[in-house]
Amino acid sequence: MPPTMQEPYTSPISAETLIAPARVSREVPWRRLFGYLRPHAGRMAVALVSLAISSAVGLVFPLLIGRTVTDMLAQGDVAQLDRLVLGLLALFAIMSVTSFISGYFLGVTGEKIVYELRTSLYERLITLELAFFSQRRVGELVSRLSNDVTLVRTMLTTNITTLLSSFISVVGSVVIVFTLNPALTGFILVLIPALMVVAIAFGRPLERMATRVQDQLANATVVVEEGLSGVRVVKSFDREAYEVQRYRRDLGYSTGSAIRVIAARSAFGSLMAFLGFGAIAAILWFGGRQVIAGTMTVGMITSFLIYGFIIAAGLGSLAGLYGQFRETTGAIKRVFEILDTLPTVPEAPNAVPLPPIDGRIRFHDVSFGYVAEGHVLRRVTLDIVPGEIVALVGPSGAGKSTLCNLIPRFYDPDQGTVTIDGYDLRAVTKSSLRSQVGLVPQETMLFGGTVRENILYGRLDATEDEVVAAAKAAYAHDFVLELPKGYDTVVGERGMNLSGGQRQRIAIARAILKDPAILLLDEATSSLDSESEHYVQAALDRLMHGRTTVIIAHRLSTIQSAHRVVVLDHGEIVEIGTHEELLGLNGMYARLYHMQFSRDVYDTEVVDLWPEGDWAVMIDALR
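Residue numbering for the sequence shown follows our numbering, starting at 257 and increasing by one per position.
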């Protein structure tokens, strides 16, 4: 029974089999690729048997047509003609039924292979760490999920069946014509080496050009993804025409390369056709002389010519398939490049689940760099006790976000250890760790569903009462009820239908519903107006209560309630203490604080001209 809306299709093939870690190779992993057909062996068998029957039945046509011509011209046997025509109609019926069966089962198999490939790719992508996405653009990855997978599907279904059909037609026809007239068969067999030479000559250039088309199409997809996801910025700068021009340019590159592929493919096909029809012309020339000499019947040469067309078409099809296989090779490599990408933060083979934690975080002699050339963090040692609120401040690039990213193990330190409640994070499962860490980022990310769905993202099995309670705790319940459909209101792409403060409160409700032991806040109020900031800050205060909290702070007014303030500069901790203690030290923190809040140090209106959190410029001015 085909899948329905209530019963979505699920793949019978093991995800571990499809995305098992493997070394990326220049060679196409054919055995692994054909593994996608294994779960559909029964369906493919029916399709291939039907195709074989249809192809085999097609081989009888020329013989019957030859007999028909002979009977009509030589014998004048009308009854025999009637029987032959009825036989042809019966063969047509068999071919039609078997063609339908083959086409249906191939189509179903193809769609399910697309499902499996795309879900396998997405499963691999979504499990890769942040380092991978920092080096790739989303549009390129989307292109691999769509365009490349479609090409692979075509090769696994349509091309394979065409290969079988052509092979049966060619081999069957050669055997038949050899039994009819061995001498004439030589005119056809001479095609084979010529076609092989031409196919090899065109195959490798077609592969290179087709791969270039896919790469350039991916670049064009990147432009679309960036333009649509950043449509507010596009419109605010009146850059619609510029974005269209960018897309036209990149799509133009892809179109130009595609045209070159078409030119090469057309030249290839034309040469194949010339060789095939040349062989048929030779058959007609040689066979016609035998008919004139009376050593061959008109019916026989008619059958032979039809078989010649079948063989020429089959050989041309086989040669064309070789070119298509070479074209698809690039897409296959691009797909398996993703499937074979190993996580940069691997799970230890003996990793254990992290038990419910108190929230003690310890960085011991931690150094980390995104690239080998330099470290963002240098020998950082910091101990955060359960329930403590710690604020991280410092210039841009000081390492605040990086330090936070090590806690949910988005990255692993190059040196030193990060522990929670004494557990080395490398020794515990990432799922059990991240289930106990909550993140409220500065740029709130909401999904395009409803308010309820976005809050439920914090804990998928939460009840309606728990969702409402989380919204109330985040001071979001009242404004949600004022929305057109309440909790069923669609928030739009990235929450575009809500204000910044509303988005933040939905994100806080999501974090409250998750109920994490450790909370990471990336200055969640920095871009809000005063009224929104009041509600969001109240929600954050409620969220932080009783949890170990690390705040990345740009506005120092938001961290005075922190138990301790850690000042980072160039990847090192330069100061640490309470707000009052650090003011007393009269060091970097004091300079930052007085910069923001004392008109005697600097005019506030001028300070406001600087980008939020651009401490480096401010500090240089003070120095």
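Even for Gly, the Cβ is constructed at its ideal location relative to N, Cα and C.
According to the DSSP assignment, residue 658 belongs to the alpha helix (DSSP H) that extends over 656 to 662. Non-local beta-carbon contacts of residue 404 in its own chain, meaning distances under 7 Å to residues more than five positions away in sequence, involve 470, 587, 590 and 591 in chain order. Cβ atoms of residue 611 and residue 385 stay farther apart than 8 Å, at about 24 Å. Between residue 713 and residue 766, the C-beta spacing is below 7 Å.
Residue 555 and residue 568 have their C-alpha atoms spaced approximately 20 Å apart. Within the segment 666 to 750, complete beta strand (DSSP E) segments of at least 3 residues are found at 671 to 676 and 693 to 696, given in chain order.
Rounded to the nearest whole angstrom, the C-alpha separation of residue 299 and residue 691 is 41 Å. The segment 667 to 680 makes no contact with the segment 746 to 754, as fewer than three CB pairs between them are under 8 Å. Per the DSSP secondary-structure output, residue 824 pairs in a beta bridge with 829. Sixteen is the threshold: when 16 or more other Cβ atoms of the shown chains lie within 10 Å of the Cβ of residue 552, as they do, the residue is buried.
Note on residue 801: under 16 other CB atoms within 10 angstroms of its CB, so exposed under the neighbour-count rule.
Short of 8 Å from the beta carbon of residue 513, and not among the five residues preceding or following it, lie these beta carbons of its own chain, in chain order: 465, 468, 469 and 472. Residue 804 has 774 as its beta-bridge partners, per DSSP. Taking 8 Å as the upper bound for CB-CB distance, residue 848 and residue 655 are not in contact here, some 16 Å apart. Apart from the 5 residues on each side of it in sequence, residue 770 sits with its Cβ closer than 7 Å to the Cβ of 694, 714 and 715 in its chain, given in chain order. Closest by C-alpha distance to residue 436, out of 287, 558 and 697, is 558. Per DSSP, reduced to three states, the secondary structure at residue 630 is strand. Going by DSSP, residue 299 is part of the alpha helix (DSSP H) stretching over 297 to 314. Selection 519, 528, 318 and 347 evaluated against residue 577 yields 528 as nearest (Cα-Cα).
Residue 647 carries a strand assignment under DSSP once its states are collapsed to helix, strand and coil. Membership of residue 835 in the alpha helix (DSSP H) is indicated by the continuous run 835 to 841. Within the same chain, and ignoring the five residues on either side of residue 843 in sequence, the residues whose Cβ sits closer than 8 Å to its Cβ are 823, 830 and 831. Residue 596 places its beta carbon 7 Å or farther from that of residue 624. Secondary structure of residue 639 (DSSP, three-state): strand.
Note on residue 368: 16 or more other CB atoms within 10 angstroms of its CB, so buried under the neighbour-count rule.
Going by beta carbons, residue 417 and residue 362 fall inside the 7 Å limit.
Residue 287 sits exposed, since fewer than 16 C-beta atoms from the chains shown fall within 10 Å of its C-beta. Apart from sequence neighbours up to five positions away, the residues of its chain that approach residue 313 with a beta-carbon distance below 6 Å are 347, 350 and 351, ordered along the chain.
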